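Here the structure is laid out as structure tokens; the discussion comes afterwards.
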Amino acid sequence: MKDYREAIARIVGETLDVSGLDISSLIKNEEGGERGDLALPCFVFAKQMKRNPKELAEELAEKFAGEERFANVEAKGPFLNFTFDAAWLSKQVLPEAVSRGEKWGWSETPAEKTVTIDFSSPNIAKPLAFHHLRSTSIGNALANLYEALGWRTVRINHLGDWGTQFGKLAVAFLKWGDERKLEQERIKHLLELYVRYTREAEDDPSLDAEARSLFLKMEQGDAEALALWKRFRDESLNEFNRLYGRLGIRFDTWDGESYYNDKLDDVVEEVERKVGTEISEGATIVRLDDLDIQPVLLKKSDGATLYATRDIAAAIDRFERFSYDLSLYVIGAQQSLHCKQFFAVLEKMGFDWAERLVHVPFGWLKGMSTRKGQVVFLDDVLDEVMELSRKAIAEKNPDLPDADKVAEQVGVGAVIFGDLVNWRMNDVTFDWGRILNFQGETGVYVQYTHARCRSVLRKAGQPDLNGFDPSRLDLPEEKNLLKLIGAFPETIEESATKYDPSKLARMLIETAKAFGRLWNMKEKGYVFLEEDPDLRLARLALVTATANTLSSGLAILGLPAPEEM
RNA sequence: GGGCGGUUAGCUCAGCUGGAUAGAGCGUUGGCCUCCGGAGCCAAAGGCCGCUGGUUCGAAUCCAGUACCGCCUACCA
Numbered sequence: 305m306k307d308y309r310e311a312i313a314r315i316v317g318e319t320l321d322v323s324g325l326d327i328s329s330l331i332k333n334e335e336g337g338e339r340g341d342l343a344l345p346c347f348v349f350a351k352q353m354k355r356n357p358k359e360l361a362e363e364l365a366e367k368f369a370g371e372e373r374f375a376n377v378e379a380k381g382p383f384l385n386f387t388f389d390a391a392w393l394s395k396q397v398l399p400e401a402v403s404r405g406e407k408w409g410w411s412e413t414p415a416e417k418t419v420t421i422d423f424s425s426p427n428i429a430k431p432l433a434f435h436h437l438r439s440t441s442i443g444n445a446l447a448n449l450y451e452a453l454g455w456r457t458v459r460i461n462h463l464g465d466w467g468t469q470f471g472k473l474a475v476a477f478l479k480w481g482d483e484r485k486l487e488q489e490r491i492k493h494l495l496e497l498y499v500r501y502t503r504e505a506e507d508d509p510s511l512d513a514e515a516r517s518l519f520l521k522m523e524q525g526d527a528e529a530l531a532l533w534k535r536f537r538d539e540s541l542n543e544f545n546r547l548y549g550r551l552g553i554r555f556d557t558w559d560g561e562s563y564y565n566d567k568l569d570d571v572v573e574e575v576e577r578k579v580g581t582e583i584s585e586g587a588t589i590v591r592l593d594d595l596d597i598q599p600v601l602l603k604k605s606d607g608a609t610l611y612a613t614r615d616i617a618a619a620i621d622r623f624e625r626f627s628y629d630l631s632l633y634v635i636g637a638q639q640s641l642h643c644k645q646f647f648a649v650l651e652k653m654g655f656d657w658a659e660r661l662v663h664v665p666f667g668w669l670k671g672m673s674t675r676k677g678q679v680v681f682l683d684d685v686l687d688e689v690m691e692l693s694r695k696a697i698a699e700k701n702p703d704l705p706d707a708d709k710v711a712e713q714v715g716v717g718a719v720i721f722g723d724l725v726n727w728r729m730n731d732v733t734f735d736w737g738r739i740l741n742f743q744g745e746t747g748v749y750v751q752y753t754h755a756r757c758r759s760v761l762r763k764a765g766q767p768d769l770n771g772f773d774p775s776r777l778d779l780p781e782e783k784n785l786l787k788l789i790g791a792f793p794e795t796i797e798e799s800a801t802k803y804d805p806s807k808l809a810r811m812l813i814e815t816a817k818a819f820g821r822l823w824n825m826k827e828k829g830y831v832f833l834e835e836d837p838d839l840r841l842a843r844l845a846l847v848t849a850t851a852n853t854l855s856s857g858l859a860i861l862g863l864p865a866p867e868e869m
């Protein structure tokens, strides 16, 4: 469908003397009313040719007279407005959108490229909090987007599973740990122990000494100490996997900080050899003055490594294992400097693939002050939202089979979509009211529209759409929907290359709205289950294509699309 | 002090590779169930697009400056 841009550019190029201009990028989408579906402002041509833009627009309009893809091309002042021929548009988008089913919009050919996505990456021994959702949902959506483009994806959960805090936790566990509580409360018990440790260590400095020595034992491979650490890690992973399962998210590797721990000395040595390091105030640093970036610390003055060191090691290791064409880091915007720094070190080390590393930053989650310990657990948010959707189902669709499962799908969908629908750099304020809102531009709305589509198709007895006549769809409202369905593959591509799932989320909302308008035209006598068999088949094809767009798009964003709700 | 990000309707946000009267959702007010699912649809009210300059035929969009908010700014991640 996209080739209309090239077609317009070609005809304009043949008509006017406008060499050197990228004509197709001047074409703007319009709403489909008075201004048609596309608009081409002629000011730029006028300037180059030193002529009146109105005249040029009129001149051009005539040249498009015979084009089958446009029902109308007319000059409105200095603008040239194009209106798609409905039958042409329908023929371009519907057959494919129908036949590709749930994979509509996905690339049919492998891209032969690999992308790694480092996302979520929580610290172990603490429950996942609501703020972890940002990296998790954005990263997952990006992975799905690239998969849809045919890329091979490697989903990496770079666990924070090493460091002195595990010495502290071990001390706390040995002193106050309760096997039965651990059994029942799992990871929350670990958090409780850690909180207690922090409190008691304020009055009793000997605890810190104990913790240091216990962590040292872990580093030296002491079996008992490591067994404790492994327990914390296993316990955490169980818990994380349960939650990721709820969210429908999986990872390909869980290699975190502990995995890289014994590789760091070699990496520091390699940096030293290739780039050169310096000792400053006892710490090992790399200067990046030439790039106007502050120095990176590779080792503290006590010899311990830092997270820059680990990220350098991880980038090298991942390239050796996956030879990625692109490596995304879905990490908060606070860490922009950190990313800039370790990317720069890799570049200076002479790795030509360093330019493939991309930081995908996102804004801050406000309104959850950790200093008061007021973290909102992700689990609790999901429970709350699921409860609400369960009530909604009981009220609106009490006979729904599998109501619990659907309630979970709707609840989880509401939370994920709410996180993805806005530009990721915006800071967001935690607000129960917004999370629990199922009206308007929400994931629930998109899921609901999809369920309505499926409902119509069920009522139609899952029709065989073979041989439907696309030219029977010619209403403006149908055309608006067709345009959106047709733009779906491009939207996927744009969302992926801009690392911006919100583009796709918003396009799905537009699609749902366009469908909703058609649905409510039944007062005017418009129904999908039309009596005329040919018209009915064409409309059902449109419903199918809408359902495919919504379910495929929702799946890419990481939300389920229930058949009924 | 320096760096990065942000500032659009009461609230939450689209629009930002410059184009024709600045859009949506929530909330408010008022409509729409003989008819495919009302978690829906339609409509109204609501805006010096932070401020000041500049570039341009044309600026919410680009440039400079400025105010306010947030984050980062060497041994946490």
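Start counting the first sequence at 305; every next residue gets the next number (the numbering used here).
Beta carbons are placed, not taken as given, at the ideal position from N, Cα and C, and that holds for glycine.
Predicted, not measured: the structure shown is a model, and the values here were computed from it.
Problem - CB contact flag (Thr815, Ile789, <8 angstroms) - result: yes
Problem - Every unbroken alpha helix (DSSP H) inside the stretch 772-842 [4 residues or more] - result: 780-801 and 805-823
Handout entry: Where Val725 sits in the DSSP three-state scheme
Key = coil
Practice task
Mind reading off the beta-carbon distance from Ser441 to Asp684? Whole number of angstroms is fine, and I expect it under 8 angstroms.
Solution key: Contact flag wrong, Cβ pair sits at about 17 angstroms.
Handout entry: Beta-carbon proximity list for Val579, same chain, < 8 angstroms, skipping 5 on both sides
Key = Val590, Val649, Lys652 and Met653
Problem - Residues that Leu661 bridges to, as DSSP identifies them - result: Ser631
Practice task
Could you tell me whether the stretch 483-498 touches the stretch 442-461, using the rule of 3 or more Cβ pairs below 8 angstroms?
Solution key: no
Exercise for the section: For Val458, name the three-state secondary structure that DSSP assigns. Expected result: strand
Practice task
Report the partner residues of Leu686 according to the DSSP bridge assignment.
Solution key: Answer is none; Leu686 lacks a bridge partner.
Handout entry: Three-state class that DSSP yields for Ser329 in the structure shown
Key = helix
Exercise for the section: Just the C-alpha distance for Pro774 and Lys783, rounded to the nearest angstrom, thanks. Expected result: 11 angstroms
Handout entry: Option in Glu451, Lys306, Ala851 and Ala531 with minimal Cα separation from Ile813
Key = Ala851
Problem - C-beta atoms of Ala452 and Trp480 nearer than 8 angstroms - result: no
Practice task
Compute the Euclidean distance between the alpha carbons of Val847 and Met811, then round it to the nearest angstrom.
Solution key: 17 angstroms
Exercise for the section: Note down, in chain order, each residue of its chain lying with its Cβ closer than 7 angstroms to the Cβ of Gly586, except the 5 sequence neighbours on either side. Expected result: Ser605
Handout entry: Sequence-distant residues of the same chain with beta carbon closer than 6 angstroms to Ser693, five excluded per side
Key = Ala711, Val714 and Gly715
Practice task
Please determine if the stretch 418-436 and the stretch 539-547 are in contact, where contact requires at least 3 C-beta pairs separated by less than 8 angstroms.
Solution key: yes
Practice task
For the alpha helix (DSSP H) holding Lys351, just list the boundary residues, first then last.
Solution key: Phe347 to Met353
Exercise for the section: Grab me the residues of Glu835's own chain with a C-beta within less than 7 angstroms of its C-beta, minus the 5 sequence neighbours each way, in chain order. Expected result: none
Practice task
Pair every Cβ in the stretch 763-780 with every Cβ in the stretch 736-746, then say whether three or more of these pairs are closer than 8 angstroms.
Solution key: no
Exercise for the section: Could you give the DSSP three-state label for Ala711: helix, strand or coil? Expected result: helix
Practice task
Indicate whether Thr581 and Leu547 have their beta-carbon atoms separated by less than 8 angstroms.
Solution key: no
Handout entry: Whole runs of the beta strand (DSSP E) within the stretch 420-450, excluding any shorter than 3 residues
Key = none
Handout entry: Through-space distance from Trp533 to Ser517, alpha-carbon basis
Key = 14 angstroms
Exercise for the section: Express the C-alpha separation of Asn730 and Ser323 in angstroms, rounding to a whole number. Expected result: 41 angstroms
Exercise for the section: Whole angstroms is fine: what's the gap from Ala375's alpha carbon to Phe623's? Expected result: 52 angstroms
Practice task
Find the nearest neighbour of Leu595 within the set Ala505, Tyr563, Trp657 and Phe646, judged by alpha-carbon distance.
Solution key: Phe646
Exercise for the section: Could you tell me how far apart the beta carbons of Leu822 and Leu858 are, in whole angstroms, since I believe they sit closer than 8 angstroms? Expected result: That pair is no contact at about 19 angstroms.
Problem - Enclosing alpha helix (DSSP H) for Ala527 [first to last residue] - result: Ala527 to Leu551
Exercise for the section: Grab the span of the beta strand (DSSP E) containing Lys380 for me, first residue to last. Expected result: Phe374 to Lys380
Handout entry: Buried versus exposed call for Val748 [16 or more other C-beta atoms within 10 Å across all chains shown]
Key = buried
Practice task
Report the rounded CA-to-CA distance for Ala391 versus Leu330, giving the unit in angstroms.
Solution key: 25 angstroms
Exercise for the section: Count the other CB atoms, across all protein chains shown, that sit within 10 Å of the CB of Lys676; report buried if there are 16 or more and exposed otherwise. Expected result: With a pLDDT of 49 at Lys676, under the threshold of 50, the modelled position of that residue is not reliable, and the figure given next carries that caveat. Exposed is the call here.
Problem - Boundaries (first-last residue) of the alpha helix (DSSP H) holding Phe519 - result: Ser510 to Glu523
Handout entry: For Glu573 and Thr588, the rounded distance between their alpha carbons
Key = 11 angstroms
Practice task
Can you give me the Cβ contacts of Gln598 inside the same chain, cut-off strictly under 8 angstroms, excluding the 5 residues immediately before and after it?
Solution key: Leu592, Leu641 and Gln645
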